[in-house]
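These notes concern the structure reproduced below.
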Amino acid sequence: MKFTPAKPPLTGETLDTLTARLKERGEPAFRAKQILEWLYKKRARSWDDMTNLSKPLRAWLDETFELLPLSLVHGKQSLDVTDKLLLELGDKSLIETVVIRAPQEGVGLEHSRKTICISTQVGCAMGCKFCASGLAGLKRDLNAGEIVAQLLHVCYREDARTERARAELVSFDNIVVMGMGEPLANYEAITRALTIINADWGLGFGARRITLSTSGLVPNIIKLADEPVGVRLAISLHGATNEVRQQIMPVNKAYPLEKLIPAIKTFSEKHGRMVTLEFILIEDVNDSFDQAEKLRDIALDVHAHVNLIPYNTVEGLPWKRPSITRQEKFADVLRKARVSVTLRREKGHDIDAACGQLRLKTEKDRETAAL
Ligand code: SAH
Ligand code: SF4
């Protein structure tokens, strides 16, 4: 499922590809860097903002590239900690990008840590039973430029209220690839986007502050371990036995635990860093004592951190989160074995849950946006 834009987005170019394009036009080698600096550091919003480029070059750039492949339809800041950007793509599809603020003691929300949750596909083909993204299937992959542009939109928004723009820095602390879509099912685009996000000539954002979450596409986990951009990895486990996992995650048929677990080990051995196992707690599905024990054993085996996420209800789906007592009991099984575990309870503060909830209600949102 491919969407071919009329003009490729500038946000999808690497320094090499842009240099090559400009060279065909007889431009000197430094020109590409200059243009990317306008885009990522000086936050130029139009070709005419790039004042040290000649007019004919600006005209050529305008004919050749789309400066930004996404436009902001609607930015909604909730009273608590999330800020949602509804963005429209070239084919009118809609995606959401979320800014999540983690309040820190003694400082206002403006100075809190900010995590950006980005999407990689419109919809998702993986069909996890509990997830709203999968409900309507996959509409299409995002291209690298569309993935990167989500972050630029966040920069524009944050620049308007912080001082950091002047220092040409991005104004957020972490990126989580946990929005709509399965990133490893859109491998070329996400790895190219990560290169651009990380590079000095791009957003210059540290790879160790980026976490990619996958439902467990084993061959691509192994491939990712060899990519030069060393991002952190989170695995959506959600079931500690094949029996339970298979009920809610169809991907487990192709890549059951006996394949997934060695892939996680390969990844963490190559990176020398802990992988995170995400485990949504769903009442009467995966919240038993037996599941807690099995999850504990897996976590100890792969030496992973465990992130327990109380399920966020999705309209039209039957699942519920367990009681707080039951959540605590589950977590205690892991804590007792000294597994590193987090269980967040405040709804809006849970980054993963907020991302998990980042699901398209396209038409509804469009209506809201039109108001
Ligand atoms: N496709 C990737 C990344 C996007 S989903 C993946 O599955 O890992 C990001 C996270 O949100 C996943 O851990 C997913 O399982 C979780 N999630 C999905 N629906 C959720 C819900 N209703 N409540 C809480 N978390 C949810
Ligand atoms: Fe897709 Fe992830 Fe949702 Fe599963 S949990 S349907 S892989 S977005």
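With numbering that gives the first Met the number 0 applied, the sequence shown corresponds to residues 0 to 370, in that order. Heads up, the beta-carbon is just placed ideally off N, CA and C, and yes, glycines get one too.
Under three-state DSSP, which class holds T13?
In the sequence shown, counting from the first residue as 1, residue 13 sits at position 14. Correct three-state label for T13: coil.
Exercise for review: Within the same chain, show all residues whose beta-carbon is closer than 8 Å to that of N51, passing over the 5 residues directly before and after it, in chain order.
Suggested key: Position 52 of the sequence shown, counted from the start, is the residue given in the question as residue 51. Excluding sequence neighbours, N51 sits near Q33.
By alpha-carbon positions, which one of E282, S111, E12, L60 ends up nearest to L316? Within the sequence shown, residue 316 is the residue found at index 317, counting from 1. The option with the nearest alpha carbon to L316 is E282.
**C127 beta carbon near the ligand SF4 (any heavy atom closer than 6 Å)** = Here the question's residue 127 lines up with position 128 in the sequence shown. Under cutoff, so the answer is yes.
The segment 213-233 touching the segment 250-265, judged by at least three CB pairs closer than 8 Å = yes
Check: Beta carbon of C154: closer than 6 Å to some heavy atom of the ligand SF4?
Finding: Your numbering for residue 154 matches position 155 in the sequence shown. Flag unset: Cβ of C154 not near the ligand SF4.
- With which residues is T114 paired in a DSSP beta bridge? On the sequence shown, position 115 is the one that residue 114 refers to. For T114, which the question treats as bridged, DSSP gives the partners I99, N173.
Tell me whether the beta-carbon of L307 lies closer than 7 Å to the beta-carbon of L342.
Translated into the one-based positions of the sequence shown, residue 307 becomes position 308. Translated into the one-based positions of the sequence shown, residue 342 becomes position 343. Yes, the Cβ-Cβ distance between L307 and L342 is below 7 Å.
When DSSP labels each residue in this structure, what does R231 get in the three-state scheme? Numbered from its first residue, the sequence shown carries residue 231 at position 232. Strand.
- [ ] In the DSSP assignment, find the alpha helix (DSSP H) that holds F266 and state where it starts and stops.
- [x] Start at 1 with the first residue of the sequence shown, and residue 266 comes out as number 267. Element bounds for F266: 256-270.
message: Taking 7 Å as the limit between beta carbons, can you name the residues of its chain near A330, skipping five residues before and five after?
response: Counting from one through the sequence shown, the residue named residue 330 turns up at place 331. So the list reads L307, V340, L342, once near-sequence residues are dropped.
Supposed contact pair G203 and I195 - C-beta distance, whole angstroms, cut 8 Å: Counting from 1 along the sequence shown, the entry for residue 195 is found at position 196. Counting from 1 along the sequence shown, the entry for residue 203 is found at position 204. No, I195 and G203 are not in contact; Cβ-Cβ is about 10 Å, not under 8 Å.
Measure the beta-carbon distance from L223 to L183 and round it to whole angstroms, keeping in mind my assumption that it falls under 8 Å. As a working mapping, residue 223 is identified with position 224 in the sequence shown. As a working mapping, residue 183 is identified with position 184 in the sequence shown. With 8 Å as the limit, L223 and L183 qualify as a contact, their Cβ atoms being about 7 Å apart.
Open item on the list: Does T275 pass the burial test, meaning 16 or more other C-beta atoms within 10 Å, or should it be called exposed?
Closed with: In the sequence shown, counting from the first residue as 1, residue 275 sits at position 276. Under this definition T275 is a buried residue.
| request: Return yes when the Cβ of G180 is within less than 7 Å of the Cβ of S235, no when it is not. | output: Within the sequence shown, numbered from 1, the residue matching residue 235 stands at position 236. Within the sequence shown, numbered from 1, the residue matching residue 180 stands at position 181. Result no, Cβ atoms of S235 and G180 do not sit closer than 7 Å.
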